[in-house]
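The letter at position 53 of the sequence shown is residue 386 when you use our numbering, and the numbering goes up by one with no holes.
First the structure, in the form of structure tokens, and then the observations on it.
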Amino acid sequence: MPGGSVPRAAFGYLAFGLLGALEAAGLLPRLAADVAEAAAEVEARLAQLAPGLPTDVNPAKRLARTIGERTPVVWGAEGIGAVAALRWKAQLNENGKVPAWSSSLPELDHNEVLGWSDERGRRYLVIALRHEGEPPTSPERFELSLEIAARAGAATEEVWASGDSALARLASLVAHGDMVATYLGIANGADPTDTGTITWLKQRLAER
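This is the structure we're talking about:
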């Protein structure tokens, strides 16, 4: 793996390297076709979100602008949606330099929805990560849960995966989230790669 980059920028090397090792050990079926599709979907998604494209035709820049001063809340259905949501949350923290959290369906329907009440959502943007392979109950749960958040004053957005395989869908969502977080950090006047606060924390802990 090439050196010189922060760990979060090495997602492709780490994730696909691990999958390759598991395949070689006979713990996973052959993944060559899925890996090729995932790579193609990431390239296509990044082309749609390229830095040179203006905001009005760049979905990632538009979403970063929509986040603005809101706190993003990322939802995904159990499985790859929940994994992608956690990645989005971490990237929004690290690259976007904003607080964020992630939740998964159906679990959030047993607790989090009770917090979306009495206009408490006005400072939030709920981003639902969707894909064609969601569990059968997820579309209805997304619809109703987003309605609950909207009633509490939250703004809502959906981002859809592309691809046929689960790996391709996950990779396309990860790529989209990485670009949104990077554009958000830049819009906030920050260096998306900066880790100053983590460095400060480590230094203070070492001093104790």
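By construction, the Cβ of each residue, glycine as well, lies at the ideal position given by its N, Cα and C atoms.
For residue i, tell me which candidate among the options has the shortest Cα-Cα distance.
i: LYS430; options: ARG537, GLN536, VAL513; result: VAL513
i: ASP367; options: LEU396, ALA499, ARG456, VAL492; result: ALA499
i: GLY412; options: LEU441, GLU467, LEU534; result: GLU467
i: ARG502; options: LEU355, ALA373, THR399, ASN521; result: ALA373
i: PRO405; options: LYS422, VAL416, ALA417, THR530; result: LYS422
i: LEU543; options: SER505, ALA410, ALA520; result: As shown, the chain starts at 334 and ends at 541. That puts residue 543 outside it, with no answer to give.
i: VAL446; options: SER478, PRO392, LEU364, TRP434; result: SER478
i: ALA369; options: TYR516, PRO432, ASP497, LEU538; result: ASP497
i: PRO432; options: LEU382, GLY518, ALA358, ALA383; result: GLY518
i: LEU382; options: TYR516, ASP524, GLY522; result: TYR516
i: ASP488; options: ILE400, GLU356, VAL416; result: In the sequence under discussion, the amino acid at residue 488 is Ala, which differs from the Asp named in the question. Nearest of ILE400, GLU356, VAL416 to ALA488, Cα basis: ILE400.
Check the DSSP bridge columns for residue i and list the partner residues they point to.
i: GLU356; result: BP columns for GLU356 are empty, so no partner.
i: ARG463; result: TRP493
i: PRO405; result: LEU458
i: SER437; result: GLY409
i: ALA393; result: Its beta-bridge partners do not exist; DSSP assigns none.
Classify residue i as buried or exposed, calling it buried when 16 or more other Cβ atoms lie within 10 Å of its own Cβ.
i: GLY556; result: Because the chain is modelled from 334 through 541, residue 556 falls outside the range shown and cannot be assessed.
i: HIS443; result: exposed
i: VAL390; result: exposed
i: GLN536; result: exposed
i: ALA393; result: buried
i: ARG484; result: exposed
i: SER450; result: exposed
i: THR470; result: exposed
i: LEU438; result: buried
i: ILE531; result: exposed
Between residue i and residue j, is the Cβ-Cβ spacing less than 9 Å?
i: ALA494; j: GLU452; result: no
i: GLN320; j: ASP527; result: Limits of the chain in this structure are 334 at one end and 541 at the other, which puts residue 320 out of reach.
i: GLY353; j: LEU364; result: yes
i: VAL407; j: VAL459; result: yes
i: ARG456; j: GLU402; result: yes
i: ALA504; j: ALA380; result: no
Residue i by DSSP, collapsed to three states: which one?
i: LEU299; result: Outside the shown range of the chain (334 to 541) lies residue 299, about which nothing can therefore be said.
i: SER450; result: coil
i: ALA488; result: strand
i: LYS430; result: coil
i: ALA514; result: helix
i: LEU386; result: coil
i: PRO472; result: helix
i: GLY529; result: helix
i: ASP442; result: helix
i: ARG502; result: helix
i: ARG541; result: coil
i: ALA415; result: helix
i: ALA423; result: helix
i: ALA523; result: coil
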